[in-house]
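**Q** Here you go, one structure.
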Amino acid sequence: MGLARTCTLAFDATVIFPDRCVWCGKGSPDNKHIYSAKQGLSLSGLSGWHRIEVPCCPGCEARITGGRVIRGAWSIAIVAAVSIPATWLFYHYTTLRDAMLGLAVFGVICVALFGIVVYEFLHPPRFSIDLVGSKLSFNFTDHDYAQEFAIKNGMSFERPPNASG
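Taking our numbering, the leading residue of the sequence shown gets 116, the next gets one more, and so forth.
Right, here's the structure in full:
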């Protein structure tokens, strides 16, 4: 599976999508999905939610939303599935207590989160939007769609020489 291509635009830029579904690529979808992106912790005045209409099929709209919910729920479940047994094991089978127990479990949680980050990097969703600072990053695993999107929004975008599409 190829990695996602990222196209970055200014926060207040007018975004133009190709006339295809962002998820399945079907031409002239009959639907628009309101994609809400939340800016992370930031000291900028742009902090908050940003909503963008993206073209998608009605069935793909559910896949976009469901995929985001499932990915978030899996992250929480993995952290819980790792931290709860780690706490029990460290408490019962080591002499760690109080702050040292908390630090040990925190280390285990960090390792689990690192695993999630690596997985997300290697298996990105087909389409996502990230709000970072004053920029909107549009991530596509469909390289042709990313190319069309970049051209429509006045960006220069080139495929790496070894890209298979």
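Glycine included, C-beta positions come from ideal geometry on N, C-alpha and C.
Give the single residue among W189, C175, Q154 and D127 whose Cα lies nearest to the Cα of Y234.
**A** For the purposes of this step, residue 234 is taken as the residue at position 119 of the sequence shown. Nearest C-alpha to Y234: W189.
**Q** Short of 8 Å in beta carbon distance, which residues of its chain neighbour A227, apart from the five on each side in sequence? Order them along the chain.
**A** The sequence position of residue 227 within the sequence shown is 112, counting from 1. So the qualifying residues of the chain are I193, V194, V197 and S198.
**Q** Should the region 254-265 be regarded as contacting the region 171-186, the criterion being three or more beta carbon pairs within less than 8 Å?
**A** no
**Q** Considering only residues of the region 155-241, which uninterrupted alpha helix (DSSP H) runs meet the minimum length of 4 residues and lie entirely inside it, listed in chain order?
**A** 173-208 and 213-237
**Q** Rounded to the nearest angstrom, how far is the Cβ of P200 from that of C171, given a contact under 8 Å?
**A** Residue 200 sits at position 85 when you count from the first residue of the sequence shown. Residue 171 sits at position 56 when you count from the first residue of the sequence shown. About 39 Å separates the beta carbon of P200 from that of C171, a gap too long to meet the 8 Å contact definition.
**Q** For N254, which residues does DSSP report across the bridge?
**A** The residue labelled residue 254 in the question sits at position 139 within the sequence shown. Residue pairing of N254 in beta bridges, as defined by DSSP: T121 and S243.
**Q** Taking DSSP's pairing of strands, which residues face Y150 in a bridge?
**A** Stepping through the sequence shown from its first residue, residue 150 is reached at position 35. According to DSSP, which records beta bridges pairwise, Y150 is partnered with I167.
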